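Asks: Okay, handing you the structure first.
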Amino acid sequence: MGKTIALVGNPNSGKTTLFNHLTGSTQRVGNWPGVTVEQKAGTLLHDGETQVIDLPGIYSLSPYTIEEIVTRDYLTLDAPDLIINIVDASNLERNLYLTTQLMELQLPIVVVLNMMDIIEKRGDQLDVAGLSRAFGLPFVTISALKESGLEELYKAIAEPINVAEPITYSIVVESILDTIEEIIAPFVPKKLRCYYSIKLFERDGQTSGKLAIPEDGQTVMEGLLSRYEKELDEDSEAILINERYKLVTKITRQVLVKNADQPSFSVMIDHIVTNRWLGLPIFVLIMYAVYYFSITTVGTWGTDWVNDVLFGSIVPEAVQTFFDSIDIHPAVSSLVVDGAIGGVGAVLGFLPQMAALFLCLTLLEDSGYMARVAFVMDRVFRGFGLSGKSFIPLLIGSGCSVPGIQASRTIENLQDRRMTILTTSFIPCGAKLPVIALIANAIFGGASWVALSMYLLGIATVIFSGVLLRKTAIFSGEASPFVMELPMYHWPQWKSIFRAVAARCMAFVKNAGTVIFLSASLVWFLSSFNWQMQMIVESDQSILAQIGGAVAVFFAPLGFGSWQATVATIQGLIAKENIVGTLGVLMGATGSEAEVAAAFSALFNPVSAVSFLVFNMICMPCFAAVGAMRTEFGSAKWTLFGVLYQTTLAYVLAFIINQLGSVIVLGTPFGAGASLAAAAAAILVFLVVRPAPKKASPMWGSLAKPMVK
3 MGKTIALVGN
13 PNSGKTTLFN
23 HLTGSTQRVG
33 NWPGVTVEQK
43 AGTLLHDGET
53 QVIDLPGIYS
63 LSPYTIEEIV
73 TRDYLTLDAP
83 DLIINIVDAS
93 NLERNLYLTT
103 QLMELQLPIV
113 VVLNMMDIIE
123 KRGDQLDVAG
133 LSRAFGLPFV
143 TISALKESGL
153 EELYKAIAEP
163 INVAEPITYS
173 IVVESILDTI
183 EEIIAPFVPK
193 KLRCYYSIKL
203 FERDGQTSGK
213 LAIPEDGQTV
223 MEGLLSRYEK
233 ELDEDSEAIL
243 INERYKLVTK
253 ITRQVLVKNA
263 DQPSFSVMID
273 HIVTNRWLGL
283 PIFVLIMYAV
293 YYFSITTVGT
303 WGTDWVNDVL
313 FGSIVPEAVQ
323 TFFDSIDIHP
333 AVSSLVVDGA
343 IGGVGAVLGF
353 LPQMAALFLC
363 LTLLEDSGYM
373 ARVAFVMDRV
383 FRGFGLSGKS
393 FIPLLIGSGC
403 SVPGIQASRT
413 IENLQDRRMT
423 ILTTSFIPCG
433 AKLPVIALIA
443 NAIFGGASWV
453 ALSMYLLGIA
463 TVIFSGVLLR
473 KTAIFSGEAS
483 PFVMELPMYH
493 WPQWKSIFRA
503 VAARCMAFVK
513 NAGTVIFLSA
523 SLVWFLSSFN
533 WQMQMIVESD
543 QSILAQIGGA
553 VAVFFAPLGF
563 GSWQATVATI
573 QGLIAKENIV
583 GTLGVLMGAT
593 GSEAEVAAAF
603 SALFNPVSAV
613 SFLVFNMICM
623 PCFAAVGAMR
633 TEFGSAKWTL
643 FGVLYQTTLA
653 YVLAFIINQL
663 GSVIVLGTPF
673 GAGASLAAAA
683 AAILVFLVVR
693 PAPKKASPMW
703 GSLAKPMVK
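Positions in the sequence shown are counted from 1; adding 2 to them yields my numbering.
Structure representation (structure tokens):
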């Protein structure tokens with residue numbers, strides 16, 4: 003059986019990129035915490051036997067976050083044969099702190115100095131041999147981005163490596179550690195005594211809870227630690243942190259000579275894009291350019307061809323000709339051409355726009371810019387009682403809400419985590435983009451402001467919800483502080499970029515070929531037959547029309563009370579792409595742009611179209627996202643609360659937009675509906691500006707319990 007290698011390093015150290023090179027994995031590479039939340043495994047390409055484990059990016063082995071718990075548990079309980087510690091050479095001092103902790107595990111370690119190309123570009127000089135002597139570990143230099151130095155790493159892995167020895171602390175600390183090690187000797191394996199004694203010195207509650215230490219032993223340890231803490235006026239954990247950093251700082255000064263002639267390119271750019279006043283407008287302009295590129299220009303050129311030519315004439319005509327040649331039944335022909343091709347084709351028609359959007363977002367992520375956006379948005383969010391940590395899942399959720407919701411588990415604060423789970427799906431995901439593009443093209447002539455406004459609406463709804471929910475008993479409290487590393491700017495790795503875009507597009511196509519295909523076929527059947535199972539010409543007499551008509555009264559105040567729009571909205575609860583597929587079948591939206599626009603003008607006016615978009619952007623997400631909410635909440639009650647909140651808020655916002663928008667834009671008389679909308683808007687304003695409660699109410703007892711993780 004082959005050996006096991008664990009990759010351990012700080013977030014953004016290039017760990018996952020190295021994992022991809024070593025194993026040939028297609029795991030996503032990103033620039034924010036939470037990309038790798040669970041353990042990822044692969045087989046080393048070099049020998050085909052060695053298993054490589056990609057552990058979550060962490061800053062230390064202290065159990066403050068989910069990532070640190072996952073990594074520490076694996077390293078202490080499973081004990082890999084080798085640890086590859088990936089160190090960002092351009093940020094040496096902070097990265098080597100984790101190295102000192104890994105040495106305490108007394109396992110074989112190879113330290114990989116990544117991003118050496120940045121060191122060389124800066125003109126800095128690093129004594130790698132001196133580092134190896136100081137730590138007593140083999141150090142290998144690579145550039146994971148440029149795939150250089152990998153052969154040297156393979157050689158280091160193949161050679162026998164001695165077990166790492168822990169660093170030497172001050173005389174008093176070493177004396178206390180020796181005493182603790184003697185106390186726990188009967189309960190802890192020899193190879194873990196050093197590690198456990200250090201964790202007990204730090205008063206690590208999780209470690210002490212695992213050991214059945216006798217009361218007299220606990221008394222001795224407490225006495226030693228209390229006296230030393232009092233002597234230094236410092237808590238025991240801070241004592242070890244300071245000693246580790248003193249050692250790392252001393253070694254770094256000996257081996258690294260920096261070229262301080264001029265500030266780095268990243269620093270100069272950050273002075274602009276993270277500026278207090280310029281950061282947010284720059285972000286808005288960049289997102290406008292992204293949506294203009296993907297929705298209005300390049301993406302639209304591809305979408306027009308797919309809709310008008312490929313699925314508008316070539317595919318349906320070819321299939322119809324084939325069916326005519328074999329004299330197939332008209333019902334079967336209609337099912338395939340009008341149902342399957344019409345529904346799936348309506349969705350796949352937006353694939354070029356989605357690919358263009360995914361390309362732009364992935365470029366921004368991999369270049370390092372999106373990490374700056376999180377920093378900029380932290381200022382905005384904090385002003386409304388939200389944590390900047392919530393913006394990371396929101397960014398991930400712009401691709402798909404499911405991983406975005408799952409990324410919320412990296413947020414330690416309970417209220418912040420719940421609020422993030424609740425609001426992540428407000429950001430338009432990839433599945434919502436075809437809906438936005440459909441309305442933008444059919445009603446607003448492909449205007450790029452439609453997509454941008456929906457994205458900004460999502461952010462505004464998150465902020466609004468943050469303020470609103472902070473005023474309630476179950477979400478009251480201060481937002482947790484947000485600390486994150488801003489990675490160096492770098493040119494994106496095009497192979498990784500295209501691989502990520504292809505993976506997203508393939509997931510979309512796969513969904514179109516399964517869920518949407520089945521939904522479109524069902525919609526065709528229900529819209530082509532009446533209750534007597536007779537095939538009809540006019541879909542207004544169909545089963546679906548009668549079912550949709552019964553429910554349409556609920557959506558009439560929102561401006562889209564037709565049975566077609568109602569059915570599409572309900573289908574969207576299964577998967578948001580179903581909205582486009584359903585409308586494609588019901589409206590026959592496979593002709594020219596003029597024909598599509600004319601068909602949709604019968605369902606929507608400009609105001610009701612915006613109302614339709616707002617409701618479907620904000621309401622309960624797809625079933626898969628609701629399932630992710632259930633998992634992360636760990637409670638059916640919280641999941642139900644979240645779904646009800648999202649749908650209610652969506653309904654109220656869409657109602658206000660349609661009723662007041664009709665008065666302002668369309669000149670509709672100010673009637674009862676507009677009065678109710680004005681009252682609803684006033685209530686929302688009151689809920690936002692009212693004072694927050696000082697303490698939680700007992701009535702929320704069942705919801706206020708911690709989430710099960």
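All residues carry an ideal CB built from backbone N, CA and C; glycine is no exception.
None of these values were measured; they are calculated from a predicted model.
Identify whether Asn87 lies in helix, strand or coil by the three-state DSSP scheme.
Replies: Taking the first residue of the sequence shown as 1, we reach residue 87 at position 85. Asn87: strand per DSSP, three-state reduction.
Asks: Tell me which residues share the same chain as Glu176 and place their Cβ nearer than 8 Å to its Cβ, disregarding the 5 neighbours each side in the sequence.
Replies: Within the sequence shown, numbered from 1, the residue matching residue 176 stands at position 174. Within the same chain, Glu176 has close Cβ partners Thr170.
Asks: Can you tell which of Met622, Leu155, Val437 has its C-alpha closest to the C-alpha of Ser145?
Replies: Residue numbering aside, residue 145 sits at position 143 when the sequence shown is read from its first letter. Nearest option by C-alpha distance: Leu155.
Asks: For Pro110, which residues does DSSP report across the bridge?
Replies: To locate residue 110, count along the sequence shown from 1; it is residue 108. Answer is Val165, bridged to Pro110.
Asks: From Leu104 to Ile200, what distance separates their C-alpha atoms?
Replies: As a working note, residue 104 is residue 102 in the sequence shown. As a working note, residue 200 is residue 198 in the sequence shown. Rounded to whole angstroms, Leu104 to Ile200 spans 12 Å at the Cα level.
Asks: Determine the closest residue to Leu287 out of Lys193, Ile429, Ser62, Ser450, with distance taken between C-alpha atoms.
Replies: Taking the first residue of the sequence shown as 1, we reach residue 287 at position 285. For the residues Lys193, Ile429, Ser62, Ser450, the minimum Cα distance to Leu287 belongs to Ser450.
Asks: Just curious, the alpha helix (DSSP H) that Leu646 is in, first and last residue?
Replies: The residue labelled residue 646 in the question sits at position 644 within the sequence shown. Its alpha helix (DSSP H) spans residues 638-667.
Asks: Could you check what DSSP says for Phe189 in three-state terms: helix, strand or coil?
Replies: Within the sequence shown, residue 189 is the residue found at index 187, counting from 1. Phe189: coil per DSSP, three-state reduction.
Asks: Going by C-alpha to C-alpha distance, which of Leu359, Gly636, Thr6 sits closest to Ile499?
Replies: In the sequence shown, the residue the question calls residue 499 occupies position 497. Answer by Cα proximity: Leu359.
Asks: Quick check on the DSSP output: the alpha helix (DSSP H) that includes Ala291 runs from which residue to which?
Replies: Numbered from 1 along the sequence shown, position 289 holds the residue referred to as residue 291. Here the alpha helix (DSSP H) through Ala291 covers 281-293.
Asks: Does Gln408 come out as helix, strand or coil in the three-state DSSP assignment?
Replies: Looking up residue 408 in the sequence shown gives position 406. Gln408 falls in the helix class under three-state DSSP.
Asks: Please classify Ser389: does DSSP put it in a helix, a strand, or coil?
Replies: Taking the first residue of the sequence shown as 1, we reach residue 389 at position 387. Looking at Ser389 - three-state DSSP - the assignment turns out to be coil, as it is neither helix nor strand.
Asks: What number of angstroms, rounded off, separates the C-alpha of Met631 from the C-alpha of Leu424?
Replies: As a first step, residue 631 is located in the sequence shown; it is residue number 629 there, counting from the start. As a first step, residue 424 is located in the sequence shown; it is residue number 422 there, counting from the start. Approximately 8 Å between the Cα atoms of the pair.
Asks: Within the same chain, show all residues whose beta-carbon is closer than 6 Å to that of Val292, passing over the 5 residues directly before and after it, in chain order.
Replies: Numbered from its first residue, the sequence shown carries residue 292 at position 290. Contacts found: Cys362.
Asks: Just the Cα atoms here: how many angstroms apart are Val31 and Asp368?
Replies: Taking the first residue of the sequence shown as position 1, residue 31 is located at position 29. Taking the first residue of the sequence shown as position 1, residue 368 is located at position 366. Residue confidence for Val31 is low, a pLDDT of 43 falling below 50, so the modelled location carries little weight; the figure read from the coordinates is stated next. Each residue's alpha carbon lies about 8 Å from the other.
Asks: Can you tell me whether Trp565 is buried or exposed, with buried defined as 16 or more other CB within 10 angstroms of its CB?
Replies: Taking the sequence shown and counting its residues from 1, the one referred to as residue 565 is at position 563. Flag for Trp565 reads buried.
Asks: What residues in its chain sit with their C-beta under 7 Å from that of Thr2, if we drop five residues either side in the sequence?
Replies: Limits of the chain in this structure are 3 at one end and 711 at the other, which puts residue 2 out of reach.
Asks: Is it the case that the Cβ atoms of Val321 and Val334 are separated by a distance below 7 Å?
Replies: Here residue 321 refers to the residue found at position 319 of the sequence shown. Here residue 334 refers to the residue found at position 332 of the sequence shown. Result no, Cβ atoms of Val321 and Val334 do not sit closer than 7 Å.
Asks: To the nearest angstrom, report how far apart Arg434 and Leu109 are at their CA atoms.
Replies: Working through the sequence shown from its first residue, we reach residue 434 at position 432. Working through the sequence shown from its first residue, we reach residue 109 at position 107. For the sequence presented, residue 434 should be read as Lys rather than Arg. So the two alpha carbons sit approximately 48 Å from each other.
Asks: For my contact list, Phe477 and Gln417 are in at a C-beta cut-off of 8 Å; report their separation, rounded to the angstrom.
Replies: The sequence position of residue 477 within the sequence shown is 475, counting from 1. The sequence position of residue 417 within the sequence shown is 415, counting from 1. That pair is a contact at about 5 Å.
Asks: Measure the C-alpha to C-alpha separation of Tyr294 and Val114 and round it to an integer number of angstroms.
Replies: Indexing the sequence shown from 1 puts residue 294 at position 292. Indexing the sequence shown from 1 puts residue 114 at position 112. Near 42 Å, if we compare the C-alpha coordinates of Val114 and Tyr294.
Asks: Is the number of C-beta pairs between the segment 661-673 and the segment 621-636 that are closer than 8 Å three or more?
Replies: Verdict: no, contact absent.
Asks: Restricting to runs no shorter than 3 residues, where is the beta strand (DSSP E) found entirely within the segment 607-635?
Replies: Runs of the beta strand (DSSP E) inside the segment 607-635: none found.
Asks: Grab the span of the beta strand (DSSP E) containing Leu9 for me, first residue to last.
Replies: Translated into the one-based positions of the sequence shown, residue 9 becomes position 7. 6-11 is the extent of the beta strand (DSSP E) around Leu9.
Asks: Pull up the distance between the alpha-carbon of Gly4 and that of Ala475, whole angstroms please.
Replies: Within the sequence shown, numbered from 1, the residue matching residue 4 stands at position 2. Within the sequence shown, numbered from 1, the residue matching residue 475 stands at position 473. Rounded to the nearest angstrom, the two C-alpha atoms are 54 Å apart.
Asks: Hey, Ala453 and Ile297: beta-carbon distance below 7 Å or not?
Replies: Along the sequence shown, read from residue 1 onward, the residue named residue 453 stands at position 451. Along the sequence shown, read from residue 1 onward, the residue named residue 297 stands at position 295. Cβ atoms of Ala453 and Ile297: closer than 7 Å.
Asks: Do the segment 123-140 and the segment 77-85 meet, that is, are 3 or more Cβ pairs less than 8 Å apart?
Replies: Judged by Cβ distances under 8 Å, the segment 123-140 makes no contact with the segment 77-85, as fewer than three pairs qualify.
Asks: Who does Gln53 pair with in a DSSP beta bridge?
Replies: Counting from 1 along the sequence shown, the entry for residue 53 is found at position 51. According to DSSP, which records beta bridges pairwise, Gln53 is partnered with Thr6, Thr45.
Asks: Let's test the definition: count the other Cβ atoms within 10 Å of the Cβ of Asn22 and tell me whether it reaches 16, buried, or not, exposed.
Replies: Here residue 22 refers to the residue found at position 20 of the sequence shown. The residue in question, Asn22, is buried, as its Cβ has 16 or more Cβ neighbours within 10 Å.
Asks: How should Met535 be labelled, buried or exposed, when 16 other C-beta atoms within 10 angstroms of its C-beta is the threshold for buried?
Replies: Locating residue 535 in the sequence shown gives position 533, counting from the first residue. Under this definition Met535 is an exposed residue.
Asks: By Cβ distance, which residues of its chain are closer than 7 Å to Pro405, with the 5 residues on each side in sequence left out?
Replies: Along the sequence shown, read from residue 1 onward, the residue named residue 405 stands at position 403. If we look at Pro405 and ignore the five residues flanking it on each side, its Cβ neighbours are Ile398.
Asks: Can you give me the C-alpha to C-alpha distance between Val691 and Gly387, rounded to a whole angstrom?
Replies: Residue mapping note: residue 691 aligns to position 689 of the sequence shown, counting from 1. Residue mapping note: residue 387 aligns to position 385 of the sequence shown, counting from 1. Approximately 13 Å, taken between the alpha carbons.
Asks: Which runs of the alpha helix (DSSP H) at least 4 residues long sit entirely within the segment 329-401? Give them in chain order.
Replies: Fully enclosed alpha helix (DSSP H) runs of 4 or longer: 332-336, 344-350, 353-369, 371-384, 393-399.
Asks: Provide the residue span of the alpha helix (DSSP H) that contains Pro324, from first to last.
Replies: In the sequence shown, counting from the first residue as 1, residue 324 sits at position 322. First, the amino acid is wrong: residue 324 is Phe here, not Pro. Counting along the chain, the alpha helix (DSSP H) containing Phe324 begins and ends at 317-327.
Asks: Count the other CB atoms, across all protein chains shown, that sit within 10 Å of the CB of Asn513; report buried if there are 16 or more and exposed otherwise.
Replies: As a working mapping, residue 513 is identified with position 511 in the sequence shown. It counts as buried.
Asks: Could you tell me the distance, in whole angstroms, from the CA atom of Ala376 to the CA atom of Leu396?
Replies: Position 374 of the sequence shown, counted from the first residue, corresponds to residue 376. Position 394 of the sequence shown, counted from the first residue, corresponds to residue 396. Rounded to whole angstroms, Ala376 to Leu396 spans 10 Å at the Cα level.
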